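For reference, the structure discussed in these notes is given below.
Residue numbers (this note's numbering): 714 to 976.
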């Protein structure tokens, strides 16, 4: 995609800046970062998604969430018995989605990226996020983490939000919204570390493209700042709108994509 001309350089720079920003903003909001990147890639020909790009933006998101916890929740987490007693379970919560992603890698990289499946995935996200408005249960924090880990597996599909699965299921099972959001952020840390490590190994095996370094810096910076903004926005919106706005967004977007897929 990269061109030697000044115009080509500028367009490539804008592409990395834009998709880095989209990934960052949507990474921690329950609206699927992979689904949005896939949509923008299809409709605007921003076809730059590759392992090197994925590593860059995910590491930026990791630094953003670590900074957020350092500045806002470090003391409360250290004094939270539920989190401390289940910290190993939270750390290994990446295993179900990791195993699923490896076993079905070819399907997830090809057929799962069709518009029809992406549309259905957004609708599924909207439903899971909205379930607690109709019924709530009460289970222990241990089982909440177990169920959140299982439902997080669905986020391997573009259009299904990882944070939406974790937060939606956690609230459904009786965890208050603020704690559900914190749990979602915590579960993202080991997942990003492991997935980025896997992508790094694959990139080493396949070889890095040196020409991308200047673009990747732009993607990293934009993803970092937008990830932090997305985290703050998630906390802010949840205080005033609960999850309703995200449930509606996913449902409306999913239905719109389904309609477009049949046109």
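For each residue, glycine too, the CB sits at the ideal point set by N, CA and C.
In this text, all values refer to a predicted model and were calculated from it rather than measured experimentally.
DSSP three-state assignment for residue 743, whether helix, strand or coil: coil
Nearest to residue 843 (by Cα), restricted to the options 975, 720 and 962: Considering only alpha carbons, the answer is 962.
Cβ contact check for the stretch 751-759 and the stretch 949-959: 3 or more pairs under 8 Å: no
Closest Cα partner of residue 810 within the set 804, 864 and 819: 864
Cβ pair residue 778, residue 944 closer than 8 Å: yes
Candidates 806, 748, 734 and 929: closest to residue 874 by CA position: 748
Sequence-distant residues of its chain with Cβ nearer than 6 Å to residue 904 (five each side left out): The residues are 807.
Limits of the unbroken alpha helix (DSSP H) element including residue 795: 794-798
Cβ pair residue 745, residue 872 closer than 8 Å: yes
Residue interval of the alpha helix (DSSP H) (run including residue 892): 890-919
Exposure of residue 736, with buried meaning 16 or more beta-carbon neighbours within 10 Å: buried
Beta-carbon spacing of residue 870, residue 821 below 8 Å: Yes, these two residues count as a Cβ contact at 8 Å.
Cα-Cα separation between residue 932 and residue 732, rounded to whole angstroms: 7 Å
Three or more C-beta pairs below 8 Å linking the stretch 793-804 and the stretch 849-864: yes
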